[in-house]
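Residue numbers (the numbering used here), protein chains in the order written: chain A, 24 to 417; chain B, 24 to 417.
Number of protein chains: 2
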Amino acid sequence: MAISRKVKNALNGASWVRRMFEEGEELKRIYGEENVYDFSLGNPNLEPPSSLKKALKDLAEHPITGMHRYMPNNGYSETRKAIAEYLKEESGLPFNEKHVVMTVGAAGGLNVILKALLDEGDEVIVPYPYFMEFKSYIENFGGEIRLVETNHDFSLNLSEIEKAIQAKTKAILINSPNNPTGVVYDHACIEKLGDLLKKKSKELGKNLHLITDEAYRRIVFDQIHLPIVFRFYPHTIRVTSHSKDLSLPGERIGYVAVSPLCEDVDEMMAAIVFANRTLGFVNAPALMQRLVAPLQRNSVNVREYEEKRDLFYHALTSFGYEVVKPQGAFYLFPKAPIEDDVALVKELQSKRILTVPGRGFGKPGHFRIAYAVDKKVIEGSLPGFKEVAEKYRV
Amino acid sequence: MAISRKVKNALNGASWVRRMFEEGEELKRIYGEENVYDFSLGNPNLEPPSSLKKALKDLAEHPITGMHRYMPNNGYSETRKAIAEYLKEESGLPFNEKHVVMTVGAAGGLNVILKALLDEGDEVIVPYPYFMEFKSYIENFGGEIRLVETNHDFSLNLSEIEKAIQAKTKAILINSPNNPTGVVYDHACIEKLGDLLKKKSKELGKNLHLITDEAYRRIVFDQIHLPIVFRFYPHTIRVTSHSKDLSLPGERIGYVAVSPLCEDVDEMMAAIVFANRTLGFVNAPALMQRLVAPLQRNSVNVREYEEKRDLFYHALTSFGYEVVKPQGAFYLFPKAPIEDDVALVKELQSKRILTVPGRGFGKPGHFRIAYAVDKKVIEGSLPGFKEVAEKYRV
Chain A
24 MAISRKVKNA LNGASWVRRM FEEGEELKRI YGEENVYDFS LGNPNLEPPS SLKKALKDLA
84 EHPITGMHRY MPNNGYSETR KAIAEYLKEE SGLPFNEKHV VMTVGAAGGL NVILKALLDE
144 GDEVIVPYPY FMEFKSYIEN FGGEIRLVET NHDFSLNLSE IEKAIQAKTK AILINSPNNP
204 TGVVYDHACI EKLGDLLKKK SKELGKNLHL ITDEAYRRIV FDQIHLPIVF RFYPHTIRVT
264 SHSKDLSLPG ERIGYVAVSP LCEDVDEMMA AIVFANRTLG FVNAPALMQR LVAPLQRNSV
324 NVREYEEKRD LFYHALTSFG YEVVKPQGAF YLFPKAPIED DVALVKELQS KRILTVPGRG
384 FGKPGHFRIA YAVDKKVIEG SLPGFKEVAE KYRV
Chain B
24 MAISRKVKNA LNGASWVRRM FEEGEELKRI YGEENVYDFS LGNPNLEPPS SLKKALKDLA
84 EHPITGMHRY MPNNGYSETR KAIAEYLKEE SGLPFNEKHV VMTVGAAGGL NVILKALLDE
144 GDEVIVPYPY FMEFKSYIEN FGGEIRLVET NHDFSLNLSE IEKAIQAKTK AILINSPNNP
204 TGVVYDHACI EKLGDLLKKK SKELGKNLHL ITDEAYRRIV FDQIHLPIVF RFYPHTIRVT
264 SHSKDLSLPG ERIGYVAVSP LCEDVDEMMA AIVFANRTLG FVNAPALMQR LVAPLQRNSV
324 NVREYEEKRD LFYHALTSFG YEVVKPQGAF YLFPKAPIED DVALVKELQS KRILTVPGRG
384 FGKPGHFRIA YAVDKKVIEG SLPGFKEVAE KYRV
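Laid out in structure tokens, this is it:
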């Protein structure tokens, strides 16, 4: 056989998101793109803020000599300084540029962190439903994923997490605002998690790491504030990107920041930079590093996502769907009105509506709607959602 | 311990290139940047061609809606089509867009290929001296590097390669024009390699893969033509980037192309795309994919590198250094006039000249000069090189 056995096995269990995407392409060929309501992918429909567009235009008009060359593997000092300044203000902790590594998006950042941390057999705890790529990322480095249940409202179940922590546990990976549920973990929840990790670290005689994937960190609604995880636990590593806040997912620009309070923080940074280099990322794209530096406090108009959330959530609940109201990201994760989520997704497909079955996120019996689409796509889909709800008399 | 044991061990044996770079920074602090002759890093000093700058300016002025969004994991269809067209013309083989995957530079591409190919214990043959990152890339996926000697002129030693091939061999990885030697493998050499791999594949009852890293493919001198490896062996995978030909190393844009004649090419492409996604690259940077598409036949003014090669090569040989004359890339790899290459590099440092010892490329007794620098840096360094040569009476 030509390819790796491991990869061959993984290919056989192809991602649900991808499978739905492909079936959707087929539907679009048959019915025309405008007649298909595609909620399968989380691909932001908003354009980047005008400040970014302007910065790109200025730089293209007045290029700086050497602006496309290699820079240190952790990124431009200026960009890391700007981010550290922001982190310092946000957390009150003594961040400086050495605590920040620019990465090829959050996905690149997660791989880099996991390579830096994991040895064969180390476990990483992940609450589910979850973004299933996490499993691949952890297994890339010989780690094992340990899934733990969340509460009915998809908030963290601390006692499940406590039960899961044992000698092989290296880290816990949380994602808030969450993909696929849109749920945001509140201050009390993060505080309790921090306390639990402190307690368990003491018991185990080693420091557990808290990896917080905040790719959707600026997409929050109802005027809530995302808790600053750094404040609640010293061995915290944040990974995030500008894919959603600045609508740059195709450009692969993000960063990893390690708490200045983290054990052996210098060694950790060296390990992360080493992983960034040897996994072949080398450095985050140069041009984008320069553009995002001054935009750490900017974002797309989040109210647009909030309005879509409101529209969609109210419609679906009025049709009888059971939905945890999300406070962030651009996903809804309703309960399927029948047990079989794949059958439900197929039924929605018959109405030319594309969603992803919950089992694609480790949680059968639900389905994910990615609503970073034009409002008219949402509006066009509602009769179909209603018909399906009525068929199953939710 | 906080970080991975594997990574900790690797950190202890930090890269020579990096070590030299850091010592160089120290020298620059002491003597001023303009008084240090830095040949430690292969960071192209030429700016991208004006066609690229213009394309960037046009796109920034007239942005296309959605141009920063996610696209399929293998990249834009338009970009892959443009590259396939070029490959088809160059090789005479029936390439189409499905045989091309856009990657985060050649380093990203190599990691993606190796993940797609390797299982634990598989061997990859690499002729040395070699770019030492290859070892990390291979080991990232449980593979083992099998180094084979080259001839005195750094050309491939086919009988050494033949001896090294055995049941565990999965692939051979060649790099021409070569880093660190600048040597280009000629047609006869590639043809013989292709024949050898066909013979050994038959004997072993499995198809060996030929991975050809052509990051420097357009930086060739003396009007030579780089052999098109695809023509000589069906199971060939090319990885390259636009870091050197378009001077975009910081932007991380390259591609992997698999021969249409490769065994199970569809499965191979699926594996490569899967690896690109799950290693966290997701896709090559969107903006750069768009910019490089129409520039497949363009490059920086290679004559500038050739002139530097001539200047440097003639000066060093006139001082008595023994140097294989390179026909590509922007490196010279002279024999050290004393046995200890680290001592020689330190001696050069005393003249404020930064180079990298040959052991950083698996070949002690030599040293690498990266001359992608301004001409005046080369000129300024020559008296120092001369003094060192005289000291050791080469």
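The beta-carbon is built from N, C-alpha and C at its ideal position, and this holds for glycine as well. Remember, predicted model here, so these are calculated numbers, not experimental data.
Collapsed DSSP secondary structure at residue i in the structure displayed
| i | result |
| --- | --- |
| glutamate 101/B | helix |
| valine 149/B | strand |
| glutamate 286/B | coil |
| asparagine 202/A | coil |
| arginine 416/B | coil |
| glycine 6/B | Limits of chain B in this structure are 24 at one end and 417 at the other, which puts residue 6/B out of reach. |
| lysine 193/B | strand |
| aspartate 333/A | helix |
| proline 422/A | No answer is possible for residue 422/A: it lies beyond the span of chain A, which begins at 24 and ends at 417. |
| arginine 375/A | coil |
| arginine 241/A | coil |
| glycine 228/B | coil |
| isoleucine 53/B | helix |
Residue i versus residue j: straight-line alpha-carbon distance, rounded
| i | j | result |
| --- | --- | --- |
| glycine 165/A | lysine 191/A | 12 Å |
| serine 159/A | lysine 29/A | 11 Å |
| leucine 82/B | glycine 47/B | 38 Å |
| lysine 386/A | leucine 179/A | 15 Å |
| isoleucine 295/B | isoleucine 26/A | 9 Å |
| serine 373/B | serine 224/B | 51 Å |
| serine 266/B | glycine 403/A | 45 Å |
| glutamate 108/A | proline 117/A | 9 Å |
| isoleucine 474/A | leucine 219/A | Absent from the model: residue 474/A. The displayed extent of chain A is 24 to 417, so no value can be given. |
| isoleucine 161/A | glutamate 162/B | 16 Å |
| alanine 307/A | phenylalanine 253/B | 31 Å |
| histidine 85/B | aspartate 61/B | 40 Å |
| isoleucine 136/A | asparagine 96/A | 14 Å |
| glutamate 128/B | arginine 240/B | What sits at residue 128/B in the sequence shown is glycine, not glutamate. Whole-angstrom Cα-Cα distance: 14 Å. |
| methionine 43/B | proline 406/B | 21 Å |
| leucine 269/A | threonine 259/B | 39 Å |
| glutamate 57/A | asparagine 201/A | 29 Å |
| lysine 138/A | isoleucine 53/B | 36 Å |
| alanine 309/B | lysine 104/B | 15 Å |
| tyrosine 93/B | glutamate 45/A | 15 Å |
| glycine 144/A | glutamate 143/B | 15 Å |
| lysine 398/A | glycine 383/A | 25 Å |
Beta carbon of residue i nearer than 7 Å to that of residue j
| i | j | result |
| --- | --- | --- |
| alanine 316/A | proline 67/A | no |
| leucine 418/B | leucine 367/B | Residue 418/B falls outside the range modelled here, since chain B spans only 24 to 417, and no answer is possible. |
| proline 360/A | tyrosine 415/A | yes |
| glycine 65/B | alanine 393/B | yes |
| glutamate 214/B | phenylalanine 177/B | no |
| asparagine 198/A | aspartate 236/A | yes |
| leucine 377/B | valine 411/B | no |
| glutamate 286/A | asparagine 230/A | yes |
| histidine 232/B | alanine 194/B | yes |
| proline 203/A | tyrosine 344/A | no |
| glycine 98/A | glutamine 312/A | yes |
| serine 63/A | valine 379/A | yes |
| alanine 280/A | leucine 110/A | yes |
| threonine 340/B | valine 346/B | yes |
Distance between beta carbons of residue j and residue i, contact taken as under 8 Å
| i | j | result |
| --- | --- | --- |
| valine 325/A | isoleucine 242/A | 6 Å |
| threonine 102/A | asparagine 299/A | That belief does not hold up - the Cβ atoms of threonine 102/A and asparagine 299/A are roughly 14 Å apart, past 8 Å. |
| leucine 318/A | leucine 75/A | 6 Å |
| histidine 91/A | proline 71/B | 6 Å |
| phenylalanine 390/B | aspartate 364/B | 5 Å |
| phenylalanine 421/B | phenylalanine 342/B | For residue 421/B there is no data in the structure shown, the boundaries of chain B being 24 and 417. |
| glutamate 113/B | isoleucine 276/B | In fact, because the Cβ distance is near 19 Å, the residues do not count as touching under 8 Å. |
| glycine 131/A | phenylalanine 304/B | 7 Å |
| glycine 381/A | glutamate 362/A | Not a contact, Cβ separation roughly 11 Å. |
| valine 262/A | leucine 133/A | 5 Å |
| valine 59/A | leucine 50/A | 5 Å |
heavy atom of the ligand FAD below 6 Å from residue i C-beta
| i | result |
| --- | --- |
| valine 40/B | Looking at this structure, you won't find the ligand FAD or any other ligand, since it has none at all. |
TODO: Spell out a yes or no on whether the stretch 199-211 of chain A and the stretch 245-253 of chain A are touching, meaning 3 or more CB-CB pairs, one atom from each, closer than 8 Å.
DONE: yes
Task: Segment contact, 8 Å Cβ cut-off, at least three pairs: the stretch 184-201 of chain A with the stretch 147-155 of chain A - done: yes
TODO: Would you check if there are 3 or more beta carbon pairs closer than 8 Å linking the stretch 320-334 of chain B to the stretch 115-132 of chain B?
DONE: no
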